[in-house]
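Novice:
Numbering (this note's numbering), first residue to last: 3 to 236.
1. Just how far apart, CA to CA, sit residue 140 and residue 46?
2. Taking only the alpha-carbon atoms, compute the straight-line gap between residue 58 and residue 134 and give it to the nearest angstrom.
3. Would you check if the distance between the CB atom of residue 113 and the CB atom of residue 62 is smaller than 9 Å?
4. Give me the Cα-Cα distance between residue 197 and residue 207, rounded to the nearest whole angstrom.
5. For the alpha helix (DSSP H) containing residue 114, list its first residue and its last residue.
6. Under the assumption that residue 222 contacts residue 84 (Cβ atoms under 8 Å), give the Cβ distance between them as a whole number of angstroms.
7. Can you tell me whether DSSP reads residue 26 as helix, strand or coil?
8. Compute the distance between the beta-carbons of residue 138 and residue 104, then report whether it is under 9 Å.
9. Go ahead and pull the three-state DSSP assignment for residue 10.
10. What residue range is occupied by the uninterrupted alpha helix (DSSP H) comprising residue 59?
11. If you reduce the DSSP assignment to three classes, tell me which class residue 146 lands in.
12. Could you tell me the distance, in whole angstroms, from the CA atom of residue 142 to the CA atom of residue 107?
13. For residue 74 and residue 175, I'd like the C-alpha separation in whole angstroms.
14. So residue 154 is in the alpha helix (DSSP H); what residue range does that whole segment cover?
15. Whose C-alpha, out of 87, 86 and 34, is nearest the C-alpha of residue 72?
16. Would you mind reading off the limits of the alpha helix (DSSP H) that contains residue 215?
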């Protein structure tokens with residue numbers, strides 16, 4: 003489980019007997035603010051009547067984008083640690099991943115439950131006609147498995163296979179970007195339609211994968227260590 007919001011308990015005392023004020027874990031608070039912000043924004047848009055003329059479609063797309071954005075933030079943590087050497091964000095990787103899955107789940111519920119009223123016969127027919135729905139559902143299924151197995155119980159149970167399994171998160175990222183580009187009628191193959199955002203996200207995912215290549219990662223760490231040790235070592 004993750005650390006509590008406080009690094010020091012409120013009932014602890016220092017050596018001289020003076021009660022120590024709890025130290026707030028601002029990073030953890032920031033992670034949860036980041037994770038809950040899209041939901042808060044959606045609630046605000048609802049109550050301020052800003053969900054456009056097609057509110058169901060707007061909510062579907064909004065939740066899908068939130069899931070993708072948080073997934074990319076989650077995937078950015080390891081490269082960020084590699085470049086900066088600051089390891090604290092790594093403790094909150096699972097929380098961000100679970101927030102990403104939360105928004106995917108809400109995206110799916112909005113699509114299947116609200117938009118199509120759980121009419122699975124119609125959903126299956128639509129999936130056959132529009133492959134991007136199948137791609138999104140397949141990505142969501144993998145994300146569901148990764149979310150369930152993200153807890154310590156499964157880490158111990160799966161052993162070395164746990165890391166192998168969770169590398170599929172990059173496949174999820176690629177599938178979700180493909181789903182997104184297809185859904186907004188953009189084509190990455192013909193470079194037509196609304197492709198700017200999917201193209202940027204695809205480029206970011208490619209960069210994150212590049213930074214995880216062992217040789218590249220070791221080189222970056224070596225350069226960082228030399229820089230930290232002083233200019234005479236450069």
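By construction, the Cβ of each residue, glycine as well, lies at the ideal position given by its N, Cα and C atoms.
Specialist: Short version:
1. Taking the first residue of the chain shown as position 1, residue 140 is located at position 138. Taking the first residue of the chain shown as position 1, residue 46 is located at position 44. For residue 140 and residue 46, the distance between alpha carbons rounds to 31 Å.
2. For the purposes of this step, residue 58 is taken as residue 56 along the chain shown, with counting starting at 1. For the purposes of this step, residue 134 is taken as residue 132 along the chain shown, with counting starting at 1. Looking at the two C-alpha atoms, the distance is approximately 18 Å.
3. Here the question's residue 113 lines up with position 111 in the chain shown. Here the question's residue 62 lines up with position 60 in the chain shown. Yes. Within cutoff.
4. Start at 1 with the first residue of the chain shown, and residue 197 comes out as number 195. Start at 1 with the first residue of the chain shown, and residue 207 comes out as number 205. Cα-Cα distance, rounded: 15 Å.
5. Here residue 114 refers to the residue found at position 112 of the chain shown. Taken as a continuous stretch (DSSP letters only), residue 114 belongs to no alpha helix (DSSP H), as it is neither H nor E.
6. Your numbering for residue 222 matches position 220 in the chain shown. Your numbering for residue 84 matches position 82 in the chain shown. Between residue 84 and residue 222 the Cβ distance is about 5 Å, and since that is below 8 Å, they are a contact.
7. Looking up residue 26 in the chain shown gives position 24. Looking at residue 26 - three-state DSSP - the assignment turns out to be strand.
8. Residue 138 sits at position 136 when you count from the first residue of the chain shown. Residue 104 sits at position 102 when you count from the first residue of the chain shown. No, the pair does not count as a contact, with Cβ atoms beyond the cut-off.
9. Along the chain shown, one-based indexing puts residue 10 at 8. Only weak support exists for where residue 10 lies, its pLDDT of 39 falling under 50; the value from the coordinates is given anyway. Coil.
10. Within the chain shown, numbered from 1, the residue matching residue 59 stands at position 57. Element bounds for residue 59: 57-86.
11. The residue you call residue 146 lines up with position 144 of the chain shown. Residue 146 falls in the helix class under three-state DSSP.
12. Here the question's residue 142 lines up with position 140 in the chain shown. Here the question's residue 107 lines up with position 105 in the chain shown. So the two alpha carbons sit approximately 8 Å from each other.
13. Here residue 74 refers to the residue found at position 72 when the chain shown is read from its first residue. Here residue 175 refers to the residue found at position 173 when the chain shown is read from its first residue. Taking the straight line joining both Cα atoms gives about 7 Å.
14. The count along the chain shown starts at 1 and reaches residue 154 at position 152. That run of the alpha helix (DSSP H) goes 154-160.
15. Translated into positions along the chain shown, residue 72 becomes position 70. Checking every option, the nearest Cα to that of residue 72 belongs to 34.
16. Along the chain shown, read from residue 1 onward, the residue named residue 215 stands at position 213. Careful: residue 215 lies outside any alpha helix (DSSP H) and carries neither H nor E.
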